[in-house]
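Inspection log for the structure reproduced underneath, given as structure tokens.
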Amino acid sequence: MSTEKEKTFFGHPRGLATLFNTEFWERFSYYGMRAILIYYMYYSVSKGGLGFSQSTATAIMSIYGSLVFMSGVIGGWFADRVLGPRQTIFYGGVLIMVGHLVLAIPSGGAAALFVSMAFIILGTGLLKPNVSSVVGDLYPAGDNRRDAGFSIFYMGINLGAFIAPPIVSNVSDHAGSFHAGFGVAAVGMAIALVVYVLTGKRYLKEAGKKAPNPLQKSEAKILTMKIIGIILAIGLLIAVLTLITGSLTINTIILAVTVMGVGVPLAYFIMMMTSKKTEADERSRLTAYIPLFLIAVLFWMIEEQGSTTLALFAAERTDLSIWGFNLNPANFQSLNPVFVITLSPIFAWIWTKLGDRQPSTPRKFALGLFFAGLSFVVMMLPGILHGNTTTLVSPLWLVLSFFICIFGEMFISPVGLSATTKLAPKAFASQTMSLWFLSDAMGQAFNAQVTQFFNADTEIAYFGITGFVAIGFAIALFIFAPFLKKYMKGVH
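According to the working numbering, the sequence shown is numbered sequentially starting from 4.
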């Protein structure tokens with residue numbers, strides 16, 4: 004049957020609607036839960052929380068985000084070698100739903116929190132990278148609808164993230180329990196699974212059905228040994244850190260994840276740089292990619308603090324009554340996706356309009372990091388202008404900070420995806436894309452340590468040092484961008 008005679012979703016394969024819905028509700032559940040999670044951790048037990056210190060809560064949020072991005076490597080491997088993308092998506096969704104249900108149990112306490120996180124981390128790793136992969140499989144080679152299809156799909160991601168925080172926080176407020184909000188997140192993921200199962204077989208057809216490189220029986224023994232080796236290595240890392248710190252505590256686990264967040268990307272770079280499959284020009288491009296990767300790490304360190312230090316600022320330092328409305332601090336988590344939705348088409352138009360006159364990739368990265376740093380410098384001003392860090396300030400400070408940071412993201416996130424595909428060695432194309440997402444994991448791994456220094460007494464210095472350090476690196480990259488371009492070997 005020709006494409007013109009098929010029922011379509013805005014002119015695209017109907018399977019796109021299935022995947023749009025899946026990603027919409029997955030992001031709804033993830034961002035809905037994340038919007039209230041930090042408050043659940045540090046609010047006192049009398050207020051329905053766990054009573055953790057703010058520094059511990061921000062560190063746990065950071066390692067949670069870091070492990071979510073690291074788990075994508077596992078999800079990609081299972082889809083390629085074992086289950087195929089379609090089945091991997093389904094099982095990932097089931098694990099995410101179970102994780103939210105565990106967190107919805109009122110009497111679960113801290114144990115339920117960590118069990119829930121384990122389920123959601125693994126489930127997100129299985130689901131998220133493979134949904135995007137199946138979107139690509141919907142279109143035959145040469146189909147010029149592909150880019151537009153991904154744009155529609157990207158809207159699903161951000162729409163789910165946009166509506167989740169106010170809905171989940173309002174349910175939590177009205178029910179007088181964080182667990183009710185977590186239950187809403189579980190319902191969102193359940194809706195995604197039901198629609199995925201009911202419509203997937205009919206509309207996805209063969210897309211993502213088979214594992215492209217299935218694991219052979221002869222490889223099973225080697226794989227088993229590798230898994231055992233990885234488990235032993237992680238166990239040894241935790242044991243060594245326990246000996247160094249004197250006891251096995253939450254902080255020891257946080258430190259172990261920080262080390263992993265740095266060690267995994269480092270191992271990827273060493274493996275690709277030393278491989279015989281990497282040609283001389285590709286090694287040069289990979290050398291140019293390293294500073295871009297590190298700039299991305301610095302950017303994500305700031306951007307991802309929207310759900311940690313800025314979330315604390317929203318709850319503790321912000322006047323939540325404005326223009327006759329009473330805000331919930333979790334509502335500010337909707338600013339990120341709404342600015343992404345607003346700015347993405349504008350920047351796409353700008354780059355198209357500029358054509359060959361647009362800034363080089365290194366200078367785009369420099370501009371992105373500059374604006375991220377500026378977004379934190381702005382957050383110094385409330386404390387400086389009021390002469391203290393106790394007065395409640397206008398929520399517009401947070402709105403401005405989020406906007407400036409997401410403005411910077413437009414120079415880094417989509418550009419980084421494009422640069423990764425251009426600079427990656429051919430033999431490691433997929434793994435280099437996994438490496439790009441590990442820049443976020445590495446940034447949040449550092450945040451697990453850095454955010455513990457944030458409190459009312461250090462607020463001005465914290466925002467100022469972080470912001471100006473980022474701006475300093477941005478200026479340095481902007482200056483040395485022509486030198487870096489030489490290593491790109493013709494890639495612009």
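Glycine included, every Cβ here is placed at the ideal spot set by N, Cα and C.
In chain order, what residues of the same chain have a beta carbon less than 6 Å from the beta carbon of residue i, not counting five sequence neighbours either side?
{"i": "residue 431", "result": "275"}
{"i": "residue 395", "result": "322"}
{"i": "residue 76", "result": "437"}
{"i": "residue 335", "result": "317, 401"}
{"i": "residue 398", "result": "321, 325"}
{"i": "residue 458", "result": "none"}
{"i": "residue 71", "result": "124, 127"}
{"i": "residue 392", "result": "386, 459, 462"}
{"i": "residue 7", "result": "Low confidence applies here, because residue 7 scores a pLDDT of 47, under 50, leaving its location unreliable; read the following figure in that light. Contacts found: none."}
So, at 7 Å on beta carbons, what are the nonlocal neighbours of residue i in its own chain, with the 5 sequence-adjacent residues on each side left out?
{"i": "residue 456", "result": "465"}
{"i": "residue 54", "result": "47, 48"}
{"i": "residue 101", "result": "122"}
{"i": "residue 482", "result": "none"}
{"i": "residue 185", "result": "36, 103, 106, 107"}
Exposed or buried, residue i, counting other C-beta atoms within 10 Å across all chains shown (16 or more means buried)?
{"i": "residue 167", "result": "buried"}
{"i": "residue 460", "result": "exposed"}
{"i": "residue 303", "result": "buried"}
{"i": "residue 197", "result": "exposed"}
{"i": "residue 4", "result": "Since pLDDT at residue 4 reaches only 40, below the 50 mark, its modelled position is unreliable, and the value read off the structure follows with that caveat. By the 10 Å Cβ count, residue 4 comes out exposed."}
{"i": "residue 423", "result": "buried"}
{"i": "residue 177", "result": "exposed"}
{"i": "residue 491", "result": "buried"}
{"i": "residue 470", "result": "buried"}
{"i": "residue 421", "result": "exposed"}
{"i": "residue 485", "result": "exposed"}
{"i": "residue 348", "result": "exposed"}
{"i": "residue 239", "result": "exposed"}
{"i": "residue 277", "result": "exposed"}
{"i": "residue 120", "result": "buried"}
Can you tell me whether residue i is helix, strand or coil according to DSSP?
{"i": "residue 414", "result": "helix"}
{"i": "residue 55", "result": "coil"}
{"i": "residue 262", "result": "helix"}
{"i": "residue 278", "result": "coil"}
{"i": "residue 362", "result": "coil"}
{"i": "residue 321", "result": "strand"}
{"i": "residue 328", "result": "strand"}
{"i": "residue 314", "result": "helix"}
{"i": "residue 16", "result": "strand"}
{"i": "residue 6", "result": "Caution is warranted here: a pLDDT of 46 is assigned to residue 6, below 50, making its placement in the model unreliable, and no coordinate value can be reported."}
{"i": "residue 85", "result": "coil"}
Closer than 8 Å by C-beta to residue i: which residues in its own chain qualify, once you throw out the five before and the five after it? Chain order, please.
{"i": "residue 42", "result": "52, 181, 314, 318, 332, 333"}
{"i": "residue 206", "result": "16, 17, 18, 20, 21"}
{"i": "residue 27", "result": "159, 160, 162, 163, 195"}
{"i": "residue 99", "result": "29, 32, 33, 122, 123, 126, 127, 130, 192"}
{"i": "residue 329", "result": "323"}
Does the distance from the CB of residue i to the CB of residue j come in under 9 Å?
{"i": "residue 363", "j": "residue 488", "result": "yes"}
{"i": "residue 95", "j": "residue 129", "result": "yes"}
{"i": "residue 337", "j": "residue 165", "result": "yes"}
{"i": "residue 35", "j": "residue 183", "result": "no"}
{"i": "residue 73", "j": "residue 444", "result": "yes"}
{"i": "residue 231", "j": "residue 306", "result": "no"}
{"i": "residue 269", "j": "residue 281", "result": "no"}
{"i": "residue 136", "j": "residue 88", "result": "yes"}
{"i": "residue 417", "j": "residue 365", "result": "no"}
{"i": "residue 56", "j": "residue 67", "result": "no"}
{"i": "residue 61", "j": "residue 261", "result": "no"}
{"i": "residue 299", "j": "residue 442", "result": "yes"}
{"i": "residue 357", "j": "residue 480", "result": "no"}
{"i": "residue 375", "j": "residue 344", "result": "no"}
{"i": "residue 476", "j": "residue 301", "result": "yes"}
{"i": "residue 427", "j": "residue 65", "result": "no"}
{"i": "residue 381", "j": "residue 403", "result": "yes"}
Between residue i and residue j, how many whole angstroms is the CB-CB distance? I'm expecting something under 8 Å.
{"i": "residue 377", "j": "residue 474", "result": "7 Å"}
{"i": "residue 23", "j": "residue 156", "result": "6 Å"}
{"i": "residue 346", "j": "residue 413", "result": "5 Å"}
{"i": "residue 462", "j": "residue 386", "result": "5 Å"}
{"i": "residue 143", "j": "residue 79", "result": "No, residue 143 and residue 79 are not in contact; Cβ-Cβ is about 23 Å, not under 8 Å."}
{"i": "residue 134", "j": "residue 202", "result": "Not confirmed; about 14 Å, so no contact."}
Taking only beta-carbon positions, decide if residue i is within less than 9 Å of chain D.
{"i": "residue 59", "result": "Absent from the structure is chain D; it holds one protein chain and no more."}
Is any heavy atom of the ligand PLP found at a distance shorter than 8 Å from the C-beta of residue i?
{"i": "residue 127", "result": "Only the bare structure without any ligand can be found here, which leaves the ligand PLP out of the picture."}
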